[in-house]
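Worksheet: the structure to be examined is printed underneath.
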Amino acid sequence: MLNRPTGTAVLAGAVLVAAGGVAGFLLRPAGPPPDLAAADTITSAPVAEEKYADERTVQVTLNLSPAADLTVGTAGRVTSTGCAAGGTVESGTVPVRVDGKRLIALATSVPLYRDLRWGHTGADVKALQTELARLGHPTPADGTFGRRTYEAVRSLKKANGWKNPDGEVAVDRFIWLPAAQVTVEECQAPLGAHLGKGGEFATVPGRVESARADSLPADAAPGERTLTVAGVSGPVSGEGVADDPGFLRELAATKEARAAQKGQDDPVSGSVALTEPLDALKVAPGALFGTSGDSGCLQEGDDTIPVRIVGSNLGSTLVVPEDEDGDVPDEVAVGTAITATSCAGDTS
């Protein structure tokens, strides 16, 4: 005997089929939003101007001269001394008196070797003028001993307790220093000692003769560069050597230089950068074509722009137009909008 489905069973089956259809509709993959379904192809990218100094971190070695003796130019007995091992002697001060005479320490790029007076000229005069001005006794550094230099010498002497001094330089009343401030290794003339002319007053460590960047980046942008170490900046050669006198004078006063003088000759961290930053353009990497080495091309409309690639920054490429006087484009072609294959404008 066959069992026929009841009306209730048929209805339940129909409901299940309908429910399955609804679920299938709801679980179907969603199509893209209308605004993405027909997205436009990108054919251009903006151009931004940027100063580019090509700063690179380098390790710097400080090169020192041998230890030096501070000598006096006059003979007599030491009647007062401020010398102490580990202490300092500063340019423009009186570290010792001999037979009661004050001797002024002075750091000049050319050691004083003769008496100087009105009308004298030469590199030693210019070195004297430069140091007098640095110490706050104004005079032009023109290499000629004139009225203003005479007054600057008088001012220096007065600042050190001389009574009614003249403005001439008697070389035996000065002690030459290799740097604006030196640290004493050893005192050679204690109180009461007798010194002959040219006698040793103290021994100081060697001075910084140069700073050398251990290796300059091979891919550095061309141009004159500046080395910065211990907060002091100066010109650096293509071989990585910085020996400008003004730079070395400032560097000698840093804790890094003093550490080197104490035998701590480990390299210190510094940086090199272009002295005059380049006027660079920041472009999308996809805007470049026809590249060879550091050369490449950009396209603006139907025009091509030869450029030199100098670096990168945050996903963009930095370039410098070969024609420095050309107009800077607001945007350049990218992707399929690039129709040229070389800077000559050849098309594909």
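full-length UniProt numbering puts the sequence shown at residues 1 to 348. For glycine and all other residues, C-beta sits at the position ideal for the given N, C-alpha and C.
Supposed close pair residue i, residue j - CB separation, criterion 8 Å
i, j, result
"residue 397", "V236", "Look at the range of the chain in this structure, 1 to 348, and you will see that residue 397 is not part of it."
"D54", "A218", "Actually they do not touch by this definition, with Cβ atoms about 13 Å apart."
"S65", "G246", "With a Cβ gap of about 18 Å, S65 and G246 do not count as contacting."
"G73", "D166", "So it is not a contact: roughly 17 Å between Cβ atoms."
Cβ-based neighbour list, residue i, same chain, cut-off 6 Å, excluding 5 preceding and 5 following
i, result
"D243", "S210"
"K126", "A141, G143"
"N63", "E209, S210"
"E300", "P329, V332"
"P46", "E331"
"A344", "none"
"I309", "D294, G296, V319"
"S80", "R97"
8 Å Cβ shell around residue i - same chain, five flanking residues per side excluded
i, result
"G335", "T41, I42, T43, G286"
"R77", "V98, D99, G192, A193, H194, L195"
"A273", "A53, D54, E55, R56, R225, T226, T228"
"D214", "V58, Q59, V60, T61, G240, P267"
Residue i vs residue j beta-carbon contact at 8 Å
i, j, result
"A260", "A180", "no"
"V182", "T317", "no"
"G143", "G122", "yes"
"T71", "G192", "no"
"C83", "A202", "yes"
"V307", "V328", "no"
"L106", "E90", "no"
"E200", "A230", "no"
"G270", "V60", "yes"
"H137", "S155", "yes"
"A48", "K282", "yes"
Among the options, the one whose alpha carbon lies nearest that of residue i
i, options, result
"R117", "E168, L298, G234, E224", "E168"
"P267", "G136, A340, A221, V58", "V58"
"A75", "K101, N63, R56, T93", "K101"
"A170", "T139, A141, A159, L128", "L128"
"I175", "V94, D330, G293", "V94"
"A189", "A85, D124, A284", "A85"
"I338", "S233, L288, S312", "L288"
"L216", "L314, E239, F247, S80", "E239"
"P277", "R212, P222, I305", "P222"
"T275", "S233, E186, S269", "S233"
"K262", "V96, L281, V204, S292", "V204"
"D323", "E224, A280, V110", "A280"
"D325", "P138, I305, R249", "I305"
"P111", "E186, L177, E151, Q264", "L177"
"L251", "Q264, D265, I104, T228", "T228"
"I104", "G311, L314, K157", "K157"
Own chain residues within Cβ distance below 7 Å of residue i, not counting five before or after
i, result
"R258", "T183"
"D346", "A340"
"G290", "G296, C297, T341, S342, C343"
"G315", "none"
Per DSSP, cross-strand counterpart(s) of residue i
i, result
"C187", "A202"
"H120", "DSSP lists no partner for H120."
"V182", "V89"
"K282", "A48, L318"
"V241", "R212"
"P164", "The question names Pro, but residue 164 in the sequence shown is Asn. N164 is not bridged to any residue."
"H194", "R77"
"V236", "R225"
"T144", "T121"
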